[in-house]
Amino acid sequence: MHSIEIYGYGDQEICSGCEGHCGDCAPGAKKATRLLVSEFESLISKTDFSGDVRFYEATEENLRRNEDVRKILTMADLAPAIVLDGKLLFLGGFSPEGLVEEVKKRI
Numbered sequence: 006m007h008s009i010e011i012y013g014y015g016d017q018e019i020c021s022g023c024e025g026h027c028g029d030c031a032p033g034a035k036k037a038t039r040l041l042v043s044e045f046e047s048l049i050s051k052t053d054f055s056g057d058v059r060f061y062e063a064t065e066e067n068l069r070r071n072e073d074v075r076k077i078l079t080m081a082d083l084a085p086a087i088v089l090d091g092k093l094l095f096l097g098g099f100s101p102e103g104l105v106e107e108v109k110k111r112i
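Read in order, the letters of the sequence shown correspond to residues 6 to 112 in the numbering used here.
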């Protein structure tokens, strides 16, 4: 069984459709992290992924769950941090559809 943990700030608006560099975002392409996680959960549930998806608000207590994430997010504003099976996968904005495809490639 796999696990996906997403550490971030639920209300923070982040890029949700990046195809390249951060400067390439279309106006209005930012969404709240919590909404993107919800969209991702909905999409991943329609695949053969077997496991848990959990969102953790990036508090000091929650960041202690993963030392790599704690180190990175306390040094720079790179939230959200996405962890697959205990290993750091991505930092920063993401598209729910793109994340589903990346997870499918890696499991």
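A virtual CB, placed ideally from N, CA and C, is assigned to each residue, including glycine.
Contacts around residue i, its chain only, beta-carbon distance under 8 Å, and the 5 residues preceding and following it disregarded
| i | result |
| --- | --- |
| H26 | Here H26 scores only 49 on pLDDT, less than 50, and its place in the model is too uncertain to base an answer on. |
Residues that DSSP places opposite residue i in a beta bridge
| i | result |
| --- | --- |
| S8 | D57 |
| I87 | I11 and F95 |
| K110 | DSSP output for K110 lists no bridge partner at all. |
Test item: CB-CB of residue i and residue j under 8 Å
| i | j | result |
| --- | --- | --- |
| L68 | L78 | yes |
| I9 | V105 | no |
Cβ neighbour criterion (16 or more within 10 Å) applied to residue i
| i | result |
| --- | --- |
| E102 | exposed |
| T38 | buried |
| K36 | buried |
| S21 | buried |
| S55 | exposed |
Selected residue, minimal CA-CA separation from residue i, among the options
| i | options | result |
| --- | --- | --- |
| G15 | Y61, I49 and S21 | Y61 |
| G98 | S8, M6, I19 and I9 | I19 |
Minimum Cβ-Cβ distance from residue i to chain B less than 8 Å
| i | result |
| --- | --- |
| V42 | Of the protein chains in the structure, only one exists, and it is not chain B. |
Residues near residue i by beta carbon distance below 6 Å, same chain, minus five either side
| i | result |
| --- | --- |
| G13 | T38, A63, A84 and P85 |
| E46 | V58 |
Neighbourhood of residue i by C-beta, 7 Å cutoff - its chain only, sequence neighbours within 5 removed
| i | result |
| --- | --- |
| V42 | I11 and F60 |
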